[in-house]
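**Q** Please find one structure pasted underneath; my questions will follow.
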Amino acid sequence: MAGSSVVIAILAAISLVSIIFLARWMLGSVRRAADLASTIGAAHPDRRIPLRELPEEIVPLAISANQALDRLSSAYEIERRFTADAAHELRTPLAVLDLRLQKARAEQSPDWSAIARDMEQMRHLIEQLLALARADQGGDRRPHGPEARVGLARIVREAVADMLPAYEAASRTIDVAVAEGLVVEDAHRQLRQALRNLLDNAFHHGRGRVSVCLTSRDERTAILRVSDEGPAVSQDVGDVLFERFHKGVQNSPGSGLGLAIVRRILRNLGGDARIATGPTFAIELIVPLAVTEADAVRG
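All the letters of the sequence shown, read from the start, carry residue numbers 1 to 299 under full-length UniProt numbering.
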């Protein structure tokens, strides 16, 4: 009986020591992860909680925390880039406006038309910067569902109607050819903005008649093509046009952001924007279609 008690006491002591050791090991790995997590910030936004040494029960929590950190890091990078872009691009128009105001003060004869042009340029630039920031963040996406579906032909007609007064004032023409029954989901506002940007680009930088053509590539994809009578460019050269702040002609109007916004919008939607091959300048939007069309609103 005494021998059994001794054995039980020894086993209890071993168990207690094992539990203490295991607890310290588990808490040690958690403590090391916590120490590393405390260093994550603006100076080290890429650091993440290591999973290898963590207890199995805590790993899902650490994975979720790392995913949240990824989202925060992405948002931080978007904010940093927006701030840098805004500071860089607003510097010149603000300097020009300041010089005009100094001259007006000295000569007592303000050039109001020039000042108005400068203000309009800054307004447009700020609007484009904000649009690009929204696109970088994924845009204003709403819940999926039948009420979010809309005919792509309707979006085309709305965007053309938005730009038609400017074209008519310049005695230019927009030809529209659309296939009916192509439906998109959760993308009405974004695609309308993207197409307006293309039509605005064709208006300011293109030549002659502008054509908008909507066709289906297959059951899941539509092709929206905007072309004008300007000279064609190669795919390699054309890709540069989608870079932020790139302008084909440096002294041309605009901010150099319109096509960058278009590509970002389409990629957010799972599609893309590209230079199309052909005898004249054209841009194609590859637009993902809604999976189901039965209860969609026709364009």
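Beta carbons are placed, not taken as given, at the ideal position from N, Cα and C, and that holds for glycine. As the structure is a computational prediction, the values presented were derived from the model and not from experiment.
1. With DSSP collapsed to three states, give me the class of residue 283.
2. Go ahead and pull the three-state DSSP assignment for residue 277.
3. So for residue 165, helix, strand or coil by DSSP?
4. Taking 7 Å as the limit between beta carbons, can you name the residues of its chain near residue 110, skipping five residues before and five after?
5. Could you name the residues of the same chain whose beta carbon sits closer than 8 Å to that of residue 52, not counting the 5 residues immediately before and after it, in chain order?
6. What is the C-beta distance between residue 223 and residue 284, in whole angstroms, given that I count them as a contact (C-beta under 8 Å)?
7. Would you list the residues sitting across from residue 149 in a DSSP beta bridge?
8. What does the Cβ neighbour count give for residue 118, buried or exposed, with the cut at 16 atoms within 10 Å?
9. By Cβ distance, which residues of its chain are closer than 8 Å to residue 261, with the 5 residues on each side in sequence left out?
10. Under the three-state reduction of DSSP, which class applies to residue 223: helix, strand or coil?
11. Can you tell me whether residue 271 is helix, strand or coil according to DSSP?
12. Is it the case that the stretch 207-218 contacts the stretch 176-187, given that we only count it when at least three CB pairs across the two stretches are under 8 Å?
13. Specify the secondary structure class of residue 230 as computed by DSSP and reduced to three states.
**A** Quick answer:
1. Counting from one through the sequence shown, the residue named residue 283 turns up at place 283. DSSP places residue 283 in strand when its eight states are reduced to three.
2. Taking the first residue of the sequence shown as position 1, residue 277 is located at position 277. In the structure shown, residue 277 sits in coil (DSSP, three-state: anything other than H, G, I, E or B).
3. By one-based count along the sequence shown, residue 165 stands at place 165. The answer is helix: DSSP assigns residue 165 an H, G or I state.
4. Translated into the one-based positions of the sequence shown, residue 110 becomes position 110. Excluding sequence neighbours, residue 110 sits near 104.
5. Within the sequence shown, the letter at position 52 stands for residue 52. For residue 52, where only same-chain residues beyond five positions count, there are no Cβ hits under 8 Å.
6. By 1-based counting over the sequence shown, the position of residue 223 is 223. By 1-based counting over the sequence shown, the position of residue 284 is 284. That pair is a contact at about 6 Å.
7. Here residue 149 refers to the residue found at position 149 of the sequence shown. Residue 149 is bridged to 185.
8. Taking the first residue of the sequence shown as position 1, residue 118 is located at position 118. It is buried - the Cβ of residue 118 has at least 16 other Cβ atoms within 10 Å.
9. Indexing the sequence shown from 1 puts residue 261 at position 261. Taken in chain order, the residues that qualify are 128, 131, 132, 135, 193, 194, 197.
10. The residue given as residue 223 occupies position 223 in the sequence shown. It is a strand residue.
11. Counted from its first residue, the sequence shown places residue 271 at position 271. In the structure shown, residue 271 sits in coil (DSSP, three-state: anything other than H, G, I, E or B).
12. Touching, yes.
13. Position 230 of the sequence shown, counted from the first residue, corresponds to residue 230. If DSSP states are grouped into helix, strand and coil, residue 230 belongs with the strands.
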